[in-house]
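Enquirer: All residue numbers for the sequence shown refer to the numbering used here, where the first residue is 400 and numbers rise by one.
Idealized CB from N, CA, C, for every residue including glycine.
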Amino acid sequence: MAHLFKVKTTKPIPPDAAIVTKDGKKYVRLKRGGRSALHPVAKGGKRYTQESRKWYVQYKDSEGAWQRTPGYTDKEATAQLAAELERSSERQESGLADAFKKGKSQTLKSHVDGFRKYLEAKSNTTKHINLTCGRVEKVIEGCKFVRWRDIKPAKLRDWLADQRSSGTMGIKTRNHYLSAFKEFCNWLVRDGHTPSNPVAYLQAINPKTDVRRQRRALSADEFTALVAAAESGPPIQEMAGADRAMLYILAAWTGYRRKELASLTKKSFKLNSKPPTVTVTAAYSKRRRQDVVPLHPEVATRVKSWLATKKESSASEPVFNLVAPGGGLRRTSKMMKLDLERARQAWIEGAKKNKKERKRREESDTLKYEDEQGMYADFHANRHTFISNLAKSGVSPKVAQTMARHSDINLTMNVYSHVKMEEQAAAIQVLPSPPKQATQNGRKTRKKRA
Numbered sequence: 400m401a402h403l404f405k406v407k408t409t410k411p412i413p414p415d416a417a418i419v420t421k422d423g424k425k426y427v428r429l430k431r432g433g434r435s436a437l438h439p440v441a442k443g444g445k446r447y448t449q450e451s452r453k454w455y456v457q458y459k460d461s462e463g464a465w466q467r468t469p470g471y472t473d474k475e476a477t478a479q480l481a482a483e484l485e486r487s488s489e490r491q492e493s494g495l496a497d498a499f500k501k502g503k504s505q506t507l508k509s510h511v512d513g514f515r516k517y518l519e520a521k522s523n524t525t526k527h528i529n530l531t532c533g534r535v536e537k538v539i540e541g542c543k544f545v546r547w548r549d550i551k552p553a554k555l556r557d558w559l560a561d562q563r564s565s566g567t568m569g570i571k572t573r574n575h576y577l578s579a580f581k582e583f584c585n586w587l588v589r590d591g592h593t594p595s596n597p598v599a600y601l602q603a604i605n606p607k608t609d610v611r612r613q614r615r616a617l618s619a620d621e622f623t624a625l626v627a628a629a630e631s632g633p634p635i636q637e638m639a640g641a642d643r644a645m646l647y648i649l650a651a652w653t654g655y656r657r658k659e660l661a662s663l664t665k666k667s668f669k670l671n672s673k674p675p676t677v678t679v680t681a682a683y684s685k686r687r688r689q690d691v692v693p694l695h696p697e698v699a700t701r702v703k704s705w706l707a708t709k710k711e712s713s714a715s716e717p718v719f720n721l722v723a724p725g726g727g728l729r730r731t732s733k734m735m736k737l738d739l740e741r742a743r744q745a746w747i748e749g750a751k752k753n754k755k756e757r758k759r760r761e762e763s764d765t766l767k768y769e770d771e772q773g774m775y776a777d778f779h780a781n782r783h784t785f786i787s788n789l790a791k792s793g794v795s796p797k798v799a800q801t802m803a804r805h806s807d808i809n810l811t812m813n814v815y816s817h818v819k820m821e822e823q824a825a826a827i828q829v830l831p832s833p834p835k836q837a838t839q840n841g842r843k844t845r846k847k848r849a
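(1) Candidates V427, M400, K425, A628: which alpha carbon is nearest Q466's?
(2) Only counting the same chain, and skipping five residues up and downstream in sequence, which positions put a Cβ closer than 7 Å to that of E716?
(3) In this structure, how does DSSP classify S435 when only helix, strand and coil are distinguished?
(4) In terms of DSSP beta bridges, what is Q689 paired with?
(5) Can you tell me the Cβ-Cβ gap for A661 and F778, rounded? I've got them flagged as a contact below 8 Å.
(6) Just the C-alpha distance for Q562 and H527, rounded to the nearest angstrom, thanks.
(7) Would you mind stating whether L403 and T472 have Cβ atoms separated by less than 8 Å?
(8) So, K854 versus R730, is the Cβ gap smaller than 8 Å?
(9) If I measure Cβ to Cβ from V814 and keep anything under 6 Å in the same chain, skipping five residues before and after, which residues do I get?
(10) Skipping 5 residues on each side, what residues in its chain have a beta carbon closer than 6 Å to that of A629?
(11) Rounded to a whole number of angstroms, what is the C-alpha to C-alpha distance between V692 and Y647?
(12) Residues in its own chain within less than 7 Å of K424 by CB, not counting five upstream and five downstream?
(13) Does the distance from the C-beta atom of W652 to that of F785 stay below 8 Å?
(14) So for M774, helix, strand or coil by DSSP?
(15) Go ahead and label T531 buried or exposed: buried means 16 or more other beta carbons lie within 10 angstroms of its beta carbon, across all protein chains shown.
(16) Tell me, please, which residues DSSP counts as bridged to Q457.
(17) What's the C-alpha gap between E771 and G725?
(18) Which whole-angstrom value is the C-beta distance of K410 and Y447, which I expect to be below 8 Å?
(19) Could you work out which residue in C584, G443, K673 is closest to E884 when comparing CA atoms only?
(20) So, for T676: in the same chain, excluding its five sequence neighbours on each side, which residues have a beta-carbon less than 8 Å away from its beta-carbon?
(21) Please state if the CB of I635 and the CB of M774 are separated by a distance shorter than 8 Å.
(22) Rounded to whole angstroms, what is the Cα-Cα separation between A482 and I570?
(23) Would you give the residue range spanned by the beta strand (DSSP E) that R446 belongs to?
(24) Leaving out five residues before and five after A780 in sequence, what residues of the same chain have Cβ atoms less than 8 Å from its Cβ?
(25) Any Cβ of chain B within less than 8 Å of the Cβ of Y458?
(26) Starting from V677, follow the beta strand (DSSP E) in both directions and report where the run begins and ends.
(27) Are S451 and K405 closer than 8 Å when you measure CB to CB?
(28) Give the DSSP-derived three-state secondary structure of A579 in the structure shown.
(29) Among residues of its own chain, excluding the 5 on either side of K430, which ones have a beta-carbon nearer than 8 Å to its beta-carbon?
(30) Which residue wins for smallest C-alpha separation from P696, given the options A714, K673, L706, A464?
(31) Less than 8 Å between the CB atoms is what I'm expecting for R938 and L728, so what's the real figure, rounded?
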């Protein structure tokens with residue numbers, strides 16, 4: 400017999416919450432959805448119990464295993480769902496509905512090949528397909544899911560939590576694994592192997608609570624010093640200093656990512672067009688569209704001079720030596736780290752015999768790969784520099800979003816745009832002055848009430 404229930408969870412009682420007593424029991428009064436509600440205080444007095452908004456159904460499937468599925472906020476509607484689930488189980492058990500028998504009897508690992516073909520038919524990239532299928536297989540192995548009946552939401556939730564607590568996964572990675580397995584289960588349902596997705600109600604966690612690496616934008620002076628250090632420096636990761644300097648400039652003036660920059664050839668540049676442009680083909684763009692970015696006139700001139708030194712390379716050959724012999728991409732963040740170290744050392748030495756100035760520079764975060772706040776100036780920070788410079792230049796948020804090639808404007812403005820306190824102070828100075836306080840005979844006067 401199926402039964403309905405609400406999921407109960409406990410949460411810490413907020414410090415400012417009011418505790419009331421009703422019928423001899425303690426409750427905490429909290430606002431939820433704009434309304435005040437009472438929640439029972441849990442044992443120990445430090446946490447309170449909260450029920451889910453939705454009702455849930457627990458029922459036995461055709462193989463006698465207990466299953467749990469989310470219902471609705473309306474209890475009567477959930478009761479109807481429970482009746483349908485029981486009826487479906489009974490029909491399958493009696494042989495009237497045998498459509499899912501074969502799919503359920505197969506191992507989950509044997510279904511992965513079919514799932515892979517489904518992703519290939521969608522024209523997903525090879526990288527995405529391998530990542531998604533690899534994550535599905537790791538979930539199956541980690542949770543010890545052999546067949547469909549073994550899939551339990553609690554097992555998956557606990558396994559993902561264990562990976563996070565052990566440091567194996569951050570929140571974003573955890574969400575990627577959950578998303579991959581949910582997509583796998585959805586495909587099994589659509590392909591007629593199973594009747595429903597048992598992990599459909601498991602939700603992603605807000606990634607803003609776990610930012611693994613925060614990046615900062617380089618100032619104009621820092622970027623100038625970085626380029627100078629690269630140009631005069633030795634090869635790093637098999638890339639000459641002049642090439643690294645141009646790589647940094649293009650990254651900070653186009654917002655292109657490492658993989659996109661690695662795909663550039665001489666044919667990618669239209670330096671005589673108006674305006675001059677650089678293009679990344681859809682195959683290499685992160686959003687899988689052809690991305691054309693206009694070049695700053697001075698950047699275009701500099702690129703033209705730099706390409707003239709590469710007469711021996713063909714028009715279709717990558718202009719940057721970013722692909723390592725093994726096929727992977729070179730460590731551009733290592734390039735940035737070493738070039739920043741050389742730039743910082745030269746900047747400190749520039750103080751010469753001025754001990755006070757030298758000490759100030761040594762204690763400064765200027766040109767540090769990682770500053771005191773844990774913000775990094777790695778290679779991807781050049782993209783942050785590009786978008787922050789757009790924001791400082793006064794372009795509209797919509798233009799900044801388009802140039803950044805973001806689908807979400809919040810990502811452009813909240814994550815990639817960095818505004819320093821001095822810049823915020825300068826913006827405040829532009830605001831009009833407040834009205835002067837009225838005085839009479841040297842005394843402040845109050846406005847008479849009407």
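Expert: For this structure:
(1) Counted from its first residue, the sequence shown places residue 466 at position 67. The shortest Cα separation from Q466 among V427, M400, K425, A628 belongs to M400.
(2) Residue mapping note: residue 716 aligns to position 317 of the sequence shown, counting from 1. Closer than 7 Å at the Cβ level, and outside the excluded window around E716, lie T664.
(3) Residue 435 sits at position 36 when you count from the first residue of the sequence shown. DSSP places S435 in strand when its eight states are reduced to three.
(4) Mapped onto the sequence shown, residue 689 falls at position 290. Paired residue(s): none; Q689 is not in a bridge.
(5) Working through the sequence shown from its first residue, we reach residue 661 at position 262. Working through the sequence shown from its first residue, we reach residue 778 at position 379. Not really, about 12 Å apart at Cβ, beyond 8 Å.
(6) On the sequence shown, position 163 is the one that residue 562 refers to. On the sequence shown, position 128 is the one that residue 527 refers to. Computed Cα separation, rounded: 21 Å.
(7) Here residue 403 corresponds to residue number 4 of the sequence shown, with the count starting at 1. Here residue 472 corresponds to residue number 73 of the sequence shown, with the count starting at 1. For L403 and T472, no; Cβs fall outside 8 Å.
(8) Lying outside 400 to 849, the shown extent of the chain, residue 854 is not represented and no answer is given.
(9) Counting from one through the sequence shown, the residue named residue 814 turns up at place 415. Confidence at V814 is low in this model, with a pLDDT of 45, below 50, so its placement is unreliable and no value can be given for it.
(10) Against the sequence shown, residue 629 aligns to sequence position 230. These residues qualify, in order along the chain: G640, R643, A644, D738.
(11) Walking along the sequence shown from the start, residue 692 turns up at place 293. Walking along the sequence shown from the start, residue 647 turns up at place 248. Distance between the alpha carbons of V692 and Y647: 16 Å.
(12) Start at 1 with the first residue of the sequence shown, and residue 424 comes out as number 25. Contacts found: P439.
(13) Counting from 1 along the sequence shown, the entry for residue 652 is found at position 253. Counting from 1 along the sequence shown, the entry for residue 785 is found at position 386. Taking 8 Å as the Cβ cut-off, W652 and F785 qualify as a contacting pair.
(14) In the sequence shown, residue 774 corresponds to position 375, counting from 1. DSSP places M774 in strand when its eight states are reduced to three.
(15) Within the sequence shown, the letter at position 132 stands for residue 531. Buried: at least 16 other Cβ atoms inside 10 Å.
(16) Position 58 of the sequence shown, counted from the first residue, corresponds to residue 457. Bridge partners of Q457: H402, R467.
(17) One-based indexing of the sequence shown puts residue 771 at position 372. One-based indexing of the sequence shown puts residue 725 at position 326. Between E771 and G725, the C-alpha separation is close to 36 Å.
(18) For the purposes of this step, residue 410 is identified with residue 11 of the sequence shown, where counting begins at 1. For the purposes of this step, residue 447 is identified with residue 48 of the sequence shown, where counting begins at 1. That pair is a contact at about 6 Å.
(19) The structure shown has nothing for residue 884, since the chain only spans 400 to 849.
(20) Taking the first residue of the sequence shown as position 1, residue 676 is located at position 277. Cβ within range, chain order: F668, K669, V691, V692, P693, L694.
(21) Here residue 774 refers to the residue found at position 375 when the sequence shown is read from its first residue. Here residue 635 refers to the residue found at position 236 when the sequence shown is read from its first residue. For M774 and I635, no; Cβs fall outside 8 Å.
(22) Within the sequence shown, residue 482 is the residue found at index 83, counting from 1. Within the sequence shown, residue 570 is the residue found at index 171, counting from 1. The alpha-carbon atoms of A482 and I570 are separated by roughly 37 Å.
(23) Here residue 446 corresponds to residue number 47 of the sequence shown, with the count starting at 1. Element bounds for R446: 446-450.
(24) Here the question's residue 780 lines up with position 381 in the sequence shown. Within the same chain, A780 has close Cβ partners R614, R615, A616, L617, M735.
(25) Of the protein chains in the structure, only one exists, and it is not chain B.
(26) Walking along the sequence shown from the start, residue 677 turns up at place 278. Counting along the chain, the beta strand (DSSP E) containing V677 begins and ends at 676-679.
(27) Position 52 of the sequence shown, counted from the start, is the residue given in the question as residue 451. Position 6 of the sequence shown, counted from the start, is the residue given in the question as residue 405. Yes. Within cutoff.
(28) As a working note, residue 579 is residue 180 in the sequence shown. If DSSP states are grouped into helix, strand and coil, A579 belongs with the helices.
(29) Reading the sequence shown from its first residue, position 31 is the one you call residue 430. Counting only Cβ-Cβ distances below 8 Å, and skipping sequence neighbours, we find A436.
(30) Start at 1 with the first residue of the sequence shown, and residue 696 comes out as number 297. For P696, the nearest C-alpha among the options comes from K673.
(31) This structure cannot settle anything about residue 938, because the visible part of the chain is limited to 400 through 849.
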